[in-house]
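First residue of the sequence shown: 12, per the numbering used here; consecutive thereafter. Note that beta-carbon positions come from the ideal geometry of N, C-alpha and C, so glycine has one too. Below is one structure, written out as structure tokens; the observations come after it.
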Amino acid sequence: MPRNGSVQYGRYLPIEEHAIVGDLRTVALVGTDGTIDWFCPGRFDAPSLFASLLDARKGGFFSLSCRSANRPKQLYLPDTNILMTRFLTAEAVGEVIDFMVPETSGSAPPRDLIVRQARAVRGRATFELGCYPAFDYGRATHEIEIVDNVGAVFTSSAGRFVLRSNVPLIHDGDGVKATFTLDEGETVDVVLEWQGQVHPLVPGEADEMFLRTQEFWQKWIGQSRYRGRWREMVHRSALALKLLVYHPTGALVAAPTTSLPEGIGGVRNWDYRYAWLRDSAFTIYSLMQLGFLEEAAAFMEWLQLRCEEATLERDVMIMYSVDGSDKIPEHTLDHLEGYRGSRPVRIGNGAAGQRQLDVYGEIMEAVYMYNREVPISYDLWQTLSKRLDWLADHWEEPDEGIWEVRGGRQRFTYSGLQTWTAFDRALRLARDRGLPARSNKWQRLAAKAYRFVQQECWDPEIGAYVMHPGSKLLDAAVLCMPMLKFSGPTDPRFLMTLDHLGKELVSDSLVHRYAATGHDGLEGEEGTFNLCSFWYVDALTAAGRVKESRMVFEKMLTYANHVGLYAEEIGPSGEALGNFPQAFTHLALISAAVNLDRALDNNGVLARP
Numbered sequence: 012m013p014r015n016g017s018v019q020y021g022r023y024l025p026i027e028e029h030a031i032v033g034d035l036r037t038v039a040l041v042g043t044d045g046t047i048d049w050f051c052p053g054r055f056d057a058p059s060l061f062a063s064l065l066d067a068r069k070g071g072f073f074s075l076s077c078r079s080a081n082r083p084k085q086l087y088l089p090d091t092n093i094l095m096t097r098f099l100t101a102e103a104v105g106e107v108i109d110f111m112v113p114e115t116s117g118s119a120p121p122r123d124l125i126v127r128q129a130r131a132v133r134g135r136a137t138f139e140l141g142c143y144p145a146f147d148y149g150r151a152t153h154e155i156e157i158v159d160n161v162g163a164v165f166t167s168s169a170g171r172f173v174l175r176s177n178v179p180l181i182h183d184g185d186g187v188k189a190t191f192t193l194d195e196g197e198t199v200d201v202v203l204e205w206q207g208q209v210h211p212l213v214p215g216e217a218d219e220m221f222l223r224t225q226e227f228w229q230k231w232i233g234q235s236r237y238r239g240r241w242r243e244m245v246h247r248s249a250l251a252l253k254l255l256v257y258h259p260t261g262a263l264v265a266a267p268t269t270s271l272p273e274g275i276g277g278v279r280n281w282d283y284r285y286a287w288l289r290d291s292a293f294t295i296y297s298l299m300q301l302g303f304l305e306e307a308a309a310f311m312e313w314l315q316l317r318c319e320e321a322t323l324e325r326d327v328m329i330m331y332s333v334d335g336s337d338k339i340p341e342h343t344l345d346h347l348e349g350y351r352g353s354r355p356v357r358i359g360n361g362a363a364g365q366r367q368l369d370v371y372g373e374i375m376e377a378v379y380m381y382n383r384e385v386p387i388s389y390d391l392w393q394t395l396s397k398r399l400d401w402l403a404d405h406w407e408e409p410d411e412g413i414w415e416v417r418g419g420r421q422r423f424t425y426s427g428l429q430t431w432t433a434f435d436r437a438l439r440l441a442r443d444r445g446l447p448a449r450s451n452k453w454q455r456l457a458a459k460a461y462r463f464v465q466q467e468c469w470d471p472e473i474g475a476y477v478m479h480p481g482s483k484l485l486d487a488a489v490l491c492m493p494m495l496k497f498s499g500p501t502d503p504r505f506l507m508t509l510d511h512l513g514k515e516l517v518s519d520s521l522v523h524r525y526a527a528t529g530h531d532g533l534e535g536e537e538g539t540f541n542l543c544s545f546w547y548v549d550a551l552t553a554a555g556r557v558k559e560s561r562m563v564f565e566k567m568l569t570y571a572n573h574v575g576l577y578a579e580e581i582g583p584s585g586e587a588l589g590n591f592p593q594a595f596t597h598l599a600l601i602s603a604a605v606n607l608d609r610a611l612d613n614n615g616v617l618a619r620p
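Below you can see the structure in the form of structure tokens.
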């Protein structure tokens, strides 16, 4: 069954032509053409069931759309993660409502319910349904059984699912299909349940799940204490971040997809379906800014377990699977062609074995901010102190840094900056709470890390902080300096660096991580990095350049897709690149909005608590 509306990229919809629905264990990507083209049942990093996003022929998909529709529109219902896709045809208006039912019970088995409701809004609408799964990334075969008054059962060695509907389904090769016509006001429900029981769809069952899901999301976002400008975009970012939390453990994935390319046809294709300590710490900080403490508490429990598992020989890893495992071997799926032919398709992530010393600073910043709301436990403090012991012994060693370069280790400026942050926040926290601490040692190390950045990472000829000592390259990561209170927002060195970054790495509102010189050990180019663009907004705000900051921020908002979501990067023609949606981008948007809004309310002067 061909996809509708995918003319621009042949068989592939643009990355930005998607939205997500989820159940706090996994998500499904839904295209504007009504196709679910990415879904990993059970958990974010499980083998896919639908993956036509990575191979239109072999990946599998689940489509539900109006026949002859050429003007689809998509939006989220207010304050929810319930998606509406509206199809405008010459004769009628049809809608498909998509959602997954949040799974928050600690005892009931997950159902991974995808609910799809087709409705004729005006006129007489004809819908086409096609469900063509490809179990285990398309590597496992399956059998199909049509069950009268139930729907279809798909069975494979990799699992099974039940597709329930009152619409008669027809066996069609590796899937099932149906065509049905609805008069104005009529609705048909379709429910996919992973490992589900074979039984008919009860009248009103889907409506009850809809109301329960709507109430869940509206109650959750209702906890936000943000009342500033750009509230809709801030809350959409918060709702997107919540969808990326794996509820059973509190882990938060960097993105729910793998191998969406940073450059079409290139090799910069990575699996982001894991929990980076850095991303999680930043995200928790952003959610706390809005008043969401439950997610922060869950992350603190997850973090404590990871710290307790660490040893002085190995210490914490930079990323983990959602269940806390640090075994994430990277390999390629050579049978899949990749998004628009962008090979390789990778699962797992080899960066898990890298050394990235900055994570300690990001962890301690999140813990410090959380402690201001909820005092941390003594046990967590004890295990964090041990992690700082490890950092004390290793912080002067080279690492791969925040950008996970594969071109060799260096003593990155940003890692030194975050080393200072780690010891500084530990000292502050110990002082605020009266906790036992190695204060003299930490103070010496904080001072040494500070001098390293100021003396070895500052290039007086360029007049800027460089990527690492001896380098002449700029690094957008140093935009964080005033946010971390490392430098004053109007410190001459920072302002000079900000100006140089603006000239060399910024194109209008779009910011590159660093110059494309091949130093990262990878072929090809990448787009501008959305995280850095919002960090640029924060830096301009901190520097008192509030009018400029607001203009950059407003321009960046125009690069969001139609439902307010961002991928990792922006390409040369404004297209989305990289995994989608990316937590890093949305957490940085929240922080930039909160700080800019506060600055505008204070007549352009940034007031920090």
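Check your understanding: residue 634: which of 549, 234 and 46 sits nearest, CA to CA?
Key -> No answer is possible for residue 634: the residues shown for the chain start at 12 and end at 620.
Point to revise | 8 Å CB neighbourhood of residue 641 in its chain, flanking five on each side removed | key: Since the first residue of the chain shown is 12 and the last is 620, residue 641 is not available in this structure.
Point to revise | Coil, strand or helix - residue 562 by DSSP | key: In the sequence shown, the residue the question calls residue 562 occupies position 551. Correct three-state label for residue 562: helix.
Practice item. Please classify residue 152: does DSSP put it in a helix, a strand, or coil? Key: Stepping through the sequence shown from its first residue, residue 152 is reached at position 141. Here residue 152 sits in coil by DSSP.
Exercise for review: Using the Cα positions of residue 199 and residue 164, report the straight-line distance between them to the nearest angstrom.
Suggested key: Working through the sequence shown from its first residue, we reach residue 199 at position 188. Working through the sequence shown from its first residue, we reach residue 164 at position 153. Computed Cα separation, rounded: 19 Å.
Check your understanding: Where do the N-terminal and C-terminal ends of the beta strand (DSSP E) with residue 305 fall, by residue?
Key -> As a first step, residue 305 must be located in the sequence shown, where it is residue number 294. Counting along the chain, residue 305 falls outside any beta strand (DSSP E), though it belongs to the alpha helix (DSSP H) covering 304–320.
Check your understanding: Whose C-alpha, out of 399, 602 and 420, is nearest the C-alpha of residue 364?
Key -> As a working note, residue 364 is residue 353 in the sequence shown. Between residue 364 and the set 399, 602 and 420, the nearest pair of CA atoms involves 420.
Practice item. Grab me the residues of residue 588's own chain with a C-beta within less than 8 Å of its C-beta, minus the 5 sequence neighbours each way, in chain order. Key: Position 577 of the sequence shown, counted from the first residue, corresponds to residue 588. Hits under 8 Å: 26, 271, 272, 273, 274, 275, 537, 538, 578, 579, 580, 581 and 582.
Check your understanding: Between the C-alpha atoms of residue 65 and residue 434, what's the straight-line distance to the nearest angstrom?
Key -> Working through the sequence shown from its first residue, we reach residue 65 at position 54. Working through the sequence shown from its first residue, we reach residue 434 at position 423. When rounded, the separation of the alpha-carbon atoms in residue 65 and residue 434 is 43 Å.
Check your understanding: Should the region 54–63 be regarded as contacting the region 37–45, the criterion being three or more beta carbon pairs within less than 8 Å?
Key -> Yes: at least three Cβ pairs fall under 8 Å.
Check your understanding: What are the start and end residues of the alpha helix (DSSP H) that includes residue 406?
Key -> In the sequence shown, the residue the question calls residue 406 occupies position 395. Annotation: residue 406 is outside any alpha helix (DSSP H) and is labelled neither H nor E by DSSP.
Review point. So, is residue 222 buried or exposed, given that buried needs 16 or more other C-beta atoms within 10 angstroms?
Key: Residue mapping note: residue 222 aligns to position 211 of the sequence shown, counting from 1. The residue in question, residue 222, is exposed, as its Cβ has fewer than 16 Cβ neighbours within 10 Å.
Practice item. Please classify residue 556: does DSSP put it in a helix, a strand, or coil? Key: What you label residue 556 is simply residue 545 of the sequence shown in a count that begins at 1. Residue 556: coil per DSSP, three-state reduction.
Check your understanding: Looking only at C-alpha atoms, which of 342, 375 and 498 sits nearest to residue 361?
Key -> Walking along the sequence shown from the start, residue 361 turns up at place 350. Nearest Cα to residue 361 within the set 342, 375 and 498: 342.
Practice item. Could you give the DSSP three-state label for residue 107: helix, strand or coil? Key: What you label residue 107 is simply residue 96 of the sequence shown in a count that begins at 1. Strand at residue 107.
Review point. If you drop the 5 nearest sequence neighbours on each side, which residues of the same chain put their C-beta closer than 8 Å to that of residue 454?
Key: Taking the sequence shown and counting its residues from 1, one reaches residue 454 at position 443. In chain order, 434 and 438 place their CB closer than 8 Å to the CB of residue 454, counting only its own chain and leaving out the 5 sequence neighbours on each side.
Review point. For residue 232, which option in 248, 219 and 217 has the closest C-alpha, if you only look at C-alpha atoms?
Key: Taking the sequence shown and counting its residues from 1, one reaches residue 232 at position 221. When only C-alpha atoms are compared, the closest one is 248.
Exercise for review: Quick one: using the 10 Å Cβ neighbour count with 16 as the cut-off for buried, is residue 410 buried or exposed?
Suggested key: Working through the sequence shown from its first residue, we reach residue 410 at position 399. Residue 410 is buried by the Cβ-count criterion.
Review point. According to DSSP, is residue 253 helix, strand or coil?
Key: What you label residue 253 is simply residue 242 of the sequence shown in a count that begins at 1. Looking at residue 253 - three-state DSSP - the assignment turns out to be helix.
Review point. Pairing CB atoms from the region 76–84 with CB atoms from the region 94–106, are three or more of them under 8 Å?
Key: Yes, they touch.
Point to revise | Own chain residues within Cβ distance below 6 Å of residue 541, not counting five before or after | key: By one-based count along the sequence shown, residue 541 stands at place 530. So the list reads 577 and 596, once near-sequence residues are dropped.
Check your understanding: Taking C-alpha atoms, which residue in 140, 513 and 482 lies nearest to residue 490?
Key -> For this step, residue 490 is matched to residue 479 along the sequence shown. Per the C-alpha coordinates, the member of 140, 513 and 482 positioned closest to residue 490 is 513.
Exercise for review: Could you tell me if residue 214 is buried or exposed, where buried requires 16 or more neighbouring beta carbons within 10 angstroms of its beta carbon?
Suggested key: Taking the first residue of the sequence shown as position 1, residue 214 is located at position 203. Classification of residue 214: exposed, given that the 10 Å Cβ count is below 16.
**Study point:** Proximal residues to residue 318 (C-beta, below 7 Å), its chain only, five neighbours per side dropped
**Key:** Position 307 of the sequence shown, counting from 1, holds the residue named residue 318. Cβ neighbours of residue 318 beyond the five flanking positions: 327, 394, 395 and 398.
Exercise for review: Return the CA-CA distance between residue 170 and residue 565, expressed in angstroms with no decimal places.
Suggested key: As a first step, residue 170 must be located in the sequence shown, where it is residue number 159. As a first step, residue 565 must be located in the sequence shown, where it is residue number 554. Approximately 46 Å between the Cα atoms of the pair.
Check your understanding: In this structure, does DSSP put residue 181 in helix, strand or coil?
Key -> Here residue 181 refers to the residue found at position 170 of the sequence shown. Here residue 181 carries a strand assignment [DSSP, helix/strand/coil].
Review point. Do the region 281–288 and the region 68–77 touch if we need at least three Cβ pairs shorter than 8 Å?
Key: No, because fewer than three Cβ pairs between the region 281–288 and the region 68–77 fall closer than 8 Å, the two stretches do not touch.
Review point. Taking one C-beta from the region 151–166 and one from the region 132–140 each time, how about it: are there three or more such pairs within less than 8 Å?
Key: They do not touch, by the three-pair rule.
Exercise for review: Would you grab the beta carbon distance between residue 351 and residue 148 for me? Rounded to a whole angstrom, and I think it's under 8 Å.
Suggested key: On the sequence shown, residue 351 is found 340 positions in, with the first residue counted as 1. On the sequence shown, residue 148 is found 137 positions in, with the first residue counted as 1. Between the beta-carbon of residue 351 and that of residue 148 there is about 18 Å, and that puts the pair past the 8 Å contact cut.
Check your understanding: Should residue 246 go down as buried or exposed, given a rule of 16 or more other Cβ atoms within 10 Å for buried?
Key -> Taking the sequence shown and counting its residues from 1, one reaches residue 246 at position 235. Classification of residue 246: buried, given that the 10 Å Cβ count is 16 or more.
Review point. Where residue 605 and residue 517 are concerned, what is the direct C-alpha to C-alpha distance, given to the nearest angstrom?
Key: Within the sequence shown, the letter at position 594 stands for residue 605. Within the sequence shown, the letter at position 506 stands for residue 517. Each residue's alpha carbon lies about 22 Å from the other.
Point to revise | Rounded distance between the beta-carbons of residue 417 and residue 533, thought under 8 Å | key: Sequence index remark: in the sequence shown, residue 533 carries index 522 (1-based). Sequence index remark: in the sequence shown, residue 417 carries index 406 (1-based). Contact between residue 533 and residue 417 holds: CB atoms are separated by about 6 Å, below the 8 Å threshold.
Exercise for review: Measuring alpha carbon to alpha carbon, tell me which of 447, 407, 443 and 414 ends up nearest residue 431.
Suggested key: If you number the sequence shown from 1, residue 431 lands on position 420. It is 407 whose Cα lies nearest to the Cα of residue 431.
Exercise for review: Evaluate the contact criterion for the region 104–121 versus the region 171–185: three or more CB pairs, one atom per stretch, below 8 Å.
Suggested key: Because the criterion of three Cβ pairs below 8 Å is not met, the region 104–121 and the region 171–185 do not touch.
Exercise for review: Specify whether the region 124–133 and the region 103–115 touch according to this definition: at least 3 beta carbon pairs, one from each stretch, less than 8 Å apart.
Suggested key: With contact defined as three or more Cβ pairs closer than 8 Å, the region 124–133 and the region 103–115 are in contact.
Review point. Exposed or buried, residue 162, counting other C-beta atoms within 10 Å across all chains shown (16 or more means buried)?
Key: The count along the sequence shown starts at 1 and reaches residue 162 at position 151. Taking all protein chains shown into account, residue 162 has 16 or more neighbouring C-beta atoms within 10 Å of its C-beta and is therefore buried.
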